[in-house]
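The sequence shown begins at 2 in the numbering used here and counts up by one. Just so it is clear, CB atoms sit at the ideal spot from N, CA and C, and this is done for glycine as well. Bear in mind that the values here come from a model prediction, so they are computed numbers and not experimental data.
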Amino acid sequence: PHRVLKPLSPAQAAPVENFLLPLGEKTLSASQLESYGRCPTQYLFNNRLRLQSPRTLERTFPLLFGELVHRALELWFQKHPEKCDEPTLRAGLSQSCDHALAEIAPWLEASHPMAVTLRAQFKKITAAVASLENQVRTISGGALPFAFESDFVIQVGPVALRGKIDRIAYEVIDHRAQF
């Protein structure tokens, strides 16, 4: 026997949970805000309903690469904050990349095509790191970094925004010494 489905009357239809963002109850990352800005429906599925497509190794590449870059730079500059000439950086960052990859993806063998690709992509960006580092040091007056990947939460009205600051550097200035 076939069942015939009848539409529910408004009185029978229970309201579905309101998936609008309750501003006072949510802490958001920059990625979540970007996701909502690109496609509110995708944000709803991924962040509110937690319905995400299955993760494959190929789909995790951008996340893994981003984590690799952050961790490798952090490892290098924690040990060698003053060394930013191009030859030293290239060699040192290559080693930091290998250490970071072993740390963040211990399940990924060094000879795996994904690991080889991650290292090759990382090598491409190391050429720009020396130039960028010199620019940052010029802008900051030569200040050396002292903290990396520092968590932060900023309250903006009823919404808390969370994230990480890649690096923090400062220069101590004694105004009395200038007189």
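Pick out whichever of M115, L64 and V70 has its Cα sitting closest to the Cα of Q96.
V70
For L102, which of helix, strand or coil comes out of DSSP?
helix
Buried/exposed call for W108, threshold 16 Cβ in 10 Å
exposed
Which residues does DSSP pair with A1 in a beta bridge?
Residue 1 lies beyond the range of the chain shown here (2 to 180); nothing can be said about it.
If V160 and L29 are in contact, beta carbons under 8 Å, what's the gap, nearest whole angstrom?
6 Å
Just tell me which of V117, K124, A111 and E110 has its CA closest to the CA of L94.
K124
In this structure, does DSSP put A144 in helix, strand or coil?
coil
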